[in-house]
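In what follows, a single structure is set out as structure tokens and then discussed.
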Amino acid sequence: MNVLVLTDLSKVAKNAGEYAVRFLNEIPVNFYLLNVGVFNKVSGKIDEKKKTQIAINQINERIDELKLISNNSQHLFTANYSEENLINATRRFVEEKKIDLIIMGAPNKRLNHTAIIGNFTNEIIKKIKCNLLAIPENKKFTKPDKLIIPVESSAAFDVSLLSFLNHSHLLLKPAGTLLILGNKTDCKRDDQYPSFLKEKFTIEYSPETKLPGKELMKRVNDEFDLIILMAKNLRVCNHFLNARKDMDFRLSNRLPILILHK
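Per full-length UniProt numbering, the very first residue in the sequence shown carries number 1; after that it's consecutive.
This is the structure in structure tokens:
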């Protein structure tokens, strides 16, 4: 698997990198750590070549720390630096390195207080079609045994969309809940869902026919370890990624969110 870890060398990014290594501990991974110029903390006037080398050295220091965490000999790490803007640099690396997953931290507290994930993360999700795992600030790794995929009853399912879950070993055992937003009598029959979903996920129906409200959001927060969203199911995806100002309850920042594009 090819994984792009976006890093500004902050504590939030460091935590996301450590989470990534533990999250993908059981499979071979090429980790590409990328720092872009806009995030680089080198101050003052400095020769561009020297600036790049300083950034690469800092990333390599971070890589040395990640190697100590990994116990998989098939985890390979590469330091990368770019002067392009965040979106262009990320898009180029995704295409050139055939990236399967982007991982980045979500420094919520210092950015948009009404958002579950940070503004930079939102930009990546909107503009780059690649699977993305957003790690909340200060979230320490625990094995995600309880997964939830909230979808609207009209959502279409493609086997290839969930191929990443098998590839990443997230579906080694049936421990997921497919939460259909809609009354069961108004939804598809269970036998109309693909067999691969029924094998790996418990299908539940929410009495809420609209987007999740306070009670359901609290249940997700309390009972599950990882939220999986399908990027094509835009309404639900946007709802979980951005807390509404008028909601009585906001999903806390403790849950990682995996957005599947392919």
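Backbone N, C-alpha and C fix where the C-beta goes; we use that ideal spot for every residue, glycine too.
>> Using the three-state DSSP reduction, which class does Leu111 fall into: helix, strand or coil?
In response: On the sequence shown, residue 111 is found 111 positions in, with the first residue counted as 1. Reliability of the predicted coordinates at Leu111 is poor, the pLDDT of 48 falling under 50, and the value obtained from them is presented with this limitation in mind. Three-state DSSP puts Leu111 in coil, outside helix and strand.
> Measuring CB to CB, does Ile59 end up less than 8 Å from Tyr81?
Replying inline: Counted from its first residue, the sequence shown places residue 59 at position 59. Counted from its first residue, the sequence shown places residue 81 at position 81. Result yes, Cβ atoms of Ile59 and Tyr81 sit closer than 8 Å.
> For Phe31, which beta-bridge partners are listed by DSSP?
Replying inline: Numbered from its first residue, the sequence shown carries residue 31 at position 31. Partner(s): Val3, Phe77.
> Are the CB atoms of Leu229 and Ile203 nearer to each other than 8 Å?
Replying inline: As a first step, residue 229 is located in the sequence shown; it is residue number 229 there, counting from the start. As a first step, residue 203 is located in the sequence shown; it is residue number 203 there, counting from the start. No, these two residues do not count as a Cβ contact at 8 Å.
> Buried or exposed: which applies to Arg62, given that a residue is buried once 16 or more other Cβ atoms fall within 10 Å of its Cβ?
Replying inline: The sequence position of residue 62 within the sequence shown is 62, counting from 1. Buried, since its Cβ has 16 or more Cβ neighbours within 10 Å.
> What does DSSP give as the partner residues of Tyr205 in its beta bridges?
Replying inline: Counted from its first residue, the sequence shown places residue 205 at position 205. Paired residue(s): Ile180.
> Straight-line CA distance for Leu34 to Thr7?
Replying inline: Taking the sequence shown and counting its residues from 1, the one referred to as residue 34 is at position 34. Taking the sequence shown and counting its residues from 1, the one referred to as residue 7 is at position 7. Going by the C-alpha atoms only, they are around 6 Å apart.
> With respect to the beta strand (DSSP E) encompassing Glu152, which residues constitute its N-terminal and C-terminal limits?
Replying inline: On the sequence shown, position 152 is the one that residue 152 refers to. Per DSSP, Glu152 belongs to the beta strand (DSSP E) from 147 to 152.
>> For a quick check, are the C-beta atoms of Leu255 and Pro136 less than 8 Å apart?
In response: Reading the sequence shown from its first residue, position 255 is the one you call residue 255. Reading the sequence shown from its first residue, position 136 is the one you call residue 136. Cβ distance < 8 Å, so Leu255 and Pro136 count as in contact.
> How far does the alpha helix (DSSP H) with Leu24 in it reach, from first residue to last?
Replying inline: Here residue 24 corresponds to residue number 24 of the sequence shown, with the count starting at 1. Segment: none, Leu24 is in no alpha helix (DSSP H) and carries neither H nor E.
> Which first and last residues belong to the beta strand (DSSP E) in which Ala156 is found?
Replying inline: Reading the sequence shown from its first residue, position 156 is the one you call residue 156. From DSSP, Ala156 is part of no beta strand (DSSP E); its letter is neither H nor E.
> Since Leu132 is in the beta strand (DSSP E), which residue starts that stretch and which ends it?
Replying inline: The sequence position of residue 132 within the sequence shown is 132, counting from 1. Start and end: 132 to 136.
>> Among the candidates Lys50, Phe77, Pro150, Phe93, whose CA atom is the shortest distance from the CA of His239?
In response: The residue given as residue 239 occupies position 239 in the sequence shown. For His239, the nearest C-alpha among the options comes from Pro150.
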